[in-house]
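Data first, discussion second: the structure below is written as structure tokens.
2 protein chains.
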Amino acid sequence: MSMEVISENRCYGGVQAVYSHPSNTCGVEMTFAAFIPPQAKDGPVPVLWYLSGLTCTHENAMNKGGFQEHAARHGIAVIYPDTSPRGDGVADDQAYDLGQGAGFYVNATRDPWRRNFRMYDYIVSELRSVVTANLPVQDVHGITGHSMGGHGALTIALRNSELFESVSAFAPIAHPTRSDWGRKQLSAYLGDDETAWSNHDSTILLEQNGWKGDILIDQGEADQFLDLLKPEALADVMARRRQPGLVRMQKGYDHSYYFINTFACDHVEWHAERLHQTRH
Amino acid sequence: MSMEVISENRCYGGVQAVYSHPSNTCGVEMTFAAFIPPQAKDGPVPVLWYLSGLTCTHENAMNKGGFQEHAARHGIAVIYPDTSPRGDGVADDQAYDLGQGAGFYVNATRDPWRRNFRMYDYIVSELRSVVTANLPVQDVHGITGHSMGGHGALTIALRNSELFESVSAFAPIAHPTRSDWGRKQLSAYLGDDETAWSNHDSTILLEQNGWKGDILIDQGEADQFLDLLKPEALADVMARRRQPGLVRMQKGYDHSYYFINTFACDHVEWHAERLHQTRH
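Going down the list, the sequences are from chains Y and E. Each residue of the first sequence is one higher than the last, beginning at 1 in UniProt numbering. Each residue of the second sequence is one higher than the last, beginning at 1 in UniProt numbering.
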């Protein structure tokens, strides 16, 4: 449960830090970023997990997401995990959307991935323990993410409703079992038996189980990847199940960090309202 | 006065754009970024210039500065120029603090720099014309910047008080004629006669001429480059001249973009208040 400080910078009265720690789950040293708001000086604060998209590390949203200002106002910590194990000894693929930078938040069961690519367990269990053991946070968690990370946030929350109090997503890969952003990776990591895939498809999981609270989804109307993201599948299930929540189709916005940055305020507020009212 | 669109992304209801244009002043194609707030749909808006520091391009503050949210709220455009001419045919130096990425906002008079390194004229005259001719902005300008860009903002404003209504800086190189961030570059670009340097030292310019309005300076107390920045020289002159303004020494903050991001809100508000009351 030890971790090493890579950097700590004062930010909005709190601290924007980067840490690394040995990961038993992934078999390598893993890096993550954490924003600790100023309120943590007076006692532990709730945690918002932000899962990043394809090609990202812990750094992208830390630098470009714009969450810190709002997290500092609302008194919640933000954790930015990496999107995969990394390093010379870790399997990889030349494509941007498989291997390092593209863990898809699953536990791989197929070679060469199964040795290190266990991002589902890493997020749900190991990094959660590292964070709660080492940082001034409550064991009260919300989760969000963008694109592949939106997929990760939704599927992880839907399968672990006892561990997360709130969930939202920015432009999530909403139906990966029916998308080229999903079928390729689920096949590589989990094998060709598609019954193993449904645990990693938020549209299927929501149809099966629903979600205990409400859900916030933001999607850019001018997103260049709409055909791969398939928000209509998730929106359809939400409407048919009468699932409380909002699916907001944001006119003119694309898939970039400018979209995330613009609506970071709303998502942080959404989670803060739900996390602060959780008894702990 | 033509320019080419490199990218345009919806951002906080406005547009975050990147443009390029042929520069007569610098003799190469130059790239800059511009945030246009939503209010520009209803008529031209004032301009805030943000000059970046050593090693930066137009991209760094566009992605990490956090100005767009506040500029969208206050209805002002933000222009992010590059910090030097660039390209294979442009002189350079192996050091990070000379040549490409380190223009220091002067007009070089010495070889090999004088052919392209004319960032003073580029900002004050050419890019200003390109911006006002092509973008939905008023000819009403404020200027700020960070580190080398703080030096640029202060010296350009102090020498052109008829062209700028407001000025501020983040951790500026405040007294370059007495700093290793300054003496090396002014010598290379302008030659060894130090009388030519004083036009590019905000401490000297302020002592000579003052500034028509008030000045906002933010400086991190934990800035790793304090000895090179010399805020005490500028603060001393401001106090002796009874120059209206604020010099804020911000406890715990370093030289990073987390510092800039934290106080971007205050600087945008400072400029917006002064620019919106300017008759045009």
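Ideal placement from N, C-alpha and C gives every residue a C-beta, glycine not left out. These numbers come from a predicted model, not from an experiment.
- Straight across, the Cα-Cα distance linking residue 267 of chain Y with residue 210 of chain E is about 45 Å.
- With 16 or more other CB atoms across the displayed protein chains lying within 10 angstroms of its CB, residue 25 of chain E is buried.
- Contact check for residue 177 of chain E against residue 198 of chain E passes: the beta carbons are separated by less than 8 Å.
- For residue 9 of chain Y, the enclosing beta strand (DSSP E) stretches over residues 4 to 11.
- The beta carbon of residue 80 of chain E does not come within 8 Å of any beta carbon belonging to chain Y, so the residue lies off that interface.
- Of all residues in the region 8 to 26 of chain Y, only 9, 10, 11, 12, 16 come within less than 7 Å of chain E when Cβ atoms are compared, listed by chain position.
- For residue 126 of chain E, the CB contacts under 7 Å within the same chain, skipping 5 residues up- and downstream, are 23, 24, 25 in chain order.
- For residue 59 of chain Y against residue 33 of chain Y, the beta-carbon gap comes to about 7 Å, under 8 Å, which counts as contact.
- The Cβ of residue 254 of chain Y sits closer than 8 Å to at least one Cβ of chain E.
- Taking CB atoms only, residue 53 of chain E has no neighbour in chain Y less than 8 Å away.
- Taking the Cα positions, residue 37 of chain Y is about 10 Å away from residue 10 of chain Y.
- Across the structure, residue 6 of chain Y and residue 240 of chain E are spaced so that their CA atoms are roughly 42 Å apart.
- In this structure, the straight-line span from the alpha carbon of residue 245 of chain E to that of residue 169 of chain E is close to 12 Å.
- With a cut-off of 8 Å on Cβ pairs, the region 76 to 83 of chain Y is in contact with the region 48 to 64 of chain Y, counting three or more such pairs.
- Three or more beta-carbon pairs separated by less than 8 Å are not found between the region 127 to 137 of chain Y and the region 151 to 162 of chain Y, which leaves the two stretches without contact.
- As computed with DSSP, residue 68 of chain Y is found in no beta bridge at all.
- Relative to the Cα of residue 14 of chain E, the nearest Cα in the group E/31, E/77, E/28 belongs to E/77.
- A Cβ of chain E is located within less than 8 Å of the beta carbon of residue 63 of chain Y.
- A direct Cα-Cα distance of roughly 17 Å separates residue 142 of chain Y from residue 69 of chain Y.
- A residue is called buried once 16 or more other Cβ atoms fall within 10 Å of its Cβ, and residue 208 of chain Y, having fewer, is exposed.
- Straight-line measurement puts the Cα of residue 259 of chain Y at about 19 Å from the Cα of residue 232 of chain Y.
- Interface flag for residue 66 of chain E against chain Y is set, since a Cβ pair is found closer than 8 Å.
- Sorting Y/96, Y/273, Y/100, Y/188 by C-alpha distance to the C-alpha of residue 87 of chain Y places Y/100 at the top.
- Taking 8 Å as the threshold, the shortest C-beta distance from residue 262 of chain Y to chain E falls below it.
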